[in-house]
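Just so we're aligned: 229 in numbering that gives the first Met the number 0 is position 230 of the sequence shown, and the numbers increase by one with no gaps anywhere. Where a beta carbon is used, it is the ideal one built from N, C-alpha and C, also for glycine.
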Amino acid sequence: MTRHTIYMMLITISVIYGAVVFGPVSYYRTTGAPDVYDTTFTAYDTTVACTLVIINGDDTGEHRLSAASIEFNDEEIIVERDFNETVETIVRVVTLQSENDLHLRLRSGPGDYLTMNVHRPCDAFVELTIDTVIDGEARFTTTAGGWGDITYSWDFEGDGVYDTTTTDSEVSHIYEESDTYLVKVKVEDLACCIAEDSIEVIIELGYHYTFEIDSSYTPWSWTFPPSDSLLVFDLVSDNGATVIIKSYTDRSGKIKKFHVLNGGELTSTIERIYSISLNHSGDRIIVVEDTLSYTIDTTIGGIDTIPFQLDLQDVFRFHAGVAGRIGMQKRYIGVD
Numbered sequence: 000m001t002r003h004t005i006y007m008m009l010i011t012i013s014v015i016y017g018a019v020v021f022g023p024v025s026y027y028r029t030t031g032a033p034d035v036y037d038t039t040f041t042a043y044d045t046t047v048a049c050t051l052v053i054i055n056g057d058d059t060g061e062h063r064l065s066a067a068s069i070e071f072n073d074e075e076i077i078v079e080r081d082f083n084e085t086v087e088t089i090v091r092v093v094t095l096q097s098e099n100d101l102h103l104r105l106r107s108g109p110g111d112y113l114t115m116n117v118h119r120p121c122d123a124f125v126e127l128t129i130d131t132v133i134d135g136e137a138r139f140t141t142t143a144g145g146w147g148d149i150t151y152s153w154d155f156e157g158d159g160v161y162d163t164t165t166t167d168s169e170v171s172h173i174y175e176e177s178d179t180y181l182v183k184v185k186v187e188d189l190a191c192c193i194a195e196d197s198i199e200v201i202i203e204l205g206y207h208y209t210f211e212i213d214s215s216y217t218p219w220s221w222t223f224p225p226s227d228s229l230l231v232f233d234l235v236s237d238n239g240a241t242v243i244i245k246s247y248t249d250r251s252g253k254i255k256k257f258h259v260l261n262g263g264e265l266t267s268t269i270e271r272i273y274s275i276s277l278n279h280s281g282d283r284i285i286v287v288e289d290t291l292s293y294t295i296d297t298t299i300g301g302i303d304t305i306p307f308q309l310d311l312q313d314v315f316r317f318h319a320g321v322a323g324r325i326g327m328q329k330r331y332i333g334v335d
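Right, here's the structure in full:
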């Protein structure tokens, strides 16, 4: 009898049966007395039933054992009559312990062999969603799980090449061209179980429109920040696109024109609180805290035709000791 003693720790390889907790290891028949192999391996998870898989010989059907017996943790799970030259695969369900013992006894012609694996079922999963898309920058979130820590591999372009690998379930990516991209994420847990998901994201980079404001529509003069700066409003339209409106002022602080990015058919509302100076009574300047509700109702049909209307609803609070709201006004700024 030829005796072989093998001690093994955890090896993780992804195969069809799930996450490998032992193997693949091949055991060979030599000559003379039966070959006896004693193998010990440790397991990280003893809470689930696992599958022991034996492949007899090679993938061409050659070198198959005619007789072998196997004990797993002192229980005989395969007897010699389970083997012959026509048997390709043997599968058994086993319960792991922290430390597991295999005892194999092989009888056959020299050079015949078997290959053994022990697998646990895979339970990794992932669901990919789009969080936000703002002017070319897309943010993605995932719901994922598995055994132990999880890594995320991201293919943002849909070209089959993973652009980055992270341990975070959320990630952002900036696109440089307008297009529809198939974003893919692959998660892998500590057991080497893999799950994948994908989602399409539509990127439409900013379309820029600039047009003048008719001064006859502006009965009040607004003192915004200095003329070398912009007051920027970010709006989200009904179709989810982000619209950015920038107001330009002249040296006196009066609005001269608006600049619209990502125009389209939309109706959007935003509220912004800030302090401004309002000149509506001669040279008297009153500092107010102003809550402005901007409703954009516009259809951008092209640079030459831009119907546009901006409604302002103003609620003023004086800082000079006058309590409460003292009035509400509504004014229109627009172009025909």
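Check	Outcome
Exposed or buried, which one is arginine 28 when buried takes at least 16 other CB atoms within 10 Å?	buried
With H, G and I counted as helix, E and B as strand and the rest as coil, what does DSSP make of lysine 329?	Confidence is the limiting factor: at lysine 329 the pLDDT is only 30, short of 50, which leaves the residue's position unreliable, though a coordinate-based value still follows. Here lysine 329 sits in strand by DSSP.
Could you say which of Glu84, Phe155 and Tyr112 lies nearest to tyrosine 180 if we only look at CA atoms?	Phe155
Taking 7 Å as the threshold (C-beta atoms), are histidine 172 and alanine 123 in contact?	no
Note down the Cα distance separating aspartate 178 from alanine 194, rounded to an integer number of angstroms.	26 Å
What number of angstroms, rounded off, separates the C-alpha of valine 78 from the C-alpha of isoleucine 198?	50 Å
Apply the 10 Å Cβ neighbour rule to serine 80 and answer buried if 16 or more other Cβ atoms are within range, or exposed otherwise.	Checking the sequence, you will find arginine at residue 80 rather than serine. Exposed.
Out of curiosity, what's the CA-to-CA distance linking leucine 127 and leucine 103?	46 Å
What is the DSSP secondary structure of aspartate 81, reduced to helix, strand or coil?	helix
Under the three-state reduction of DSSP, which class applies to glutamate 156: helix, strand or coil?	coil
Going by DSSP, what residues sit across from arginine 138 in a beta bridge?	Thr131 and Ser171
Let's test the definition: count the other Cβ atoms within 10 Å of the Cβ of valine 160 and tell me whether it reaches 16, buried, or not, exposed.	exposed
Is cysteine 192 near glycine 145, with beta carbons less than 7 Å apart?	yes
Just the C-alpha distance for leucine 113 and tryptophan 153, rounded to the nearest angstrom, thanks.	38 Å
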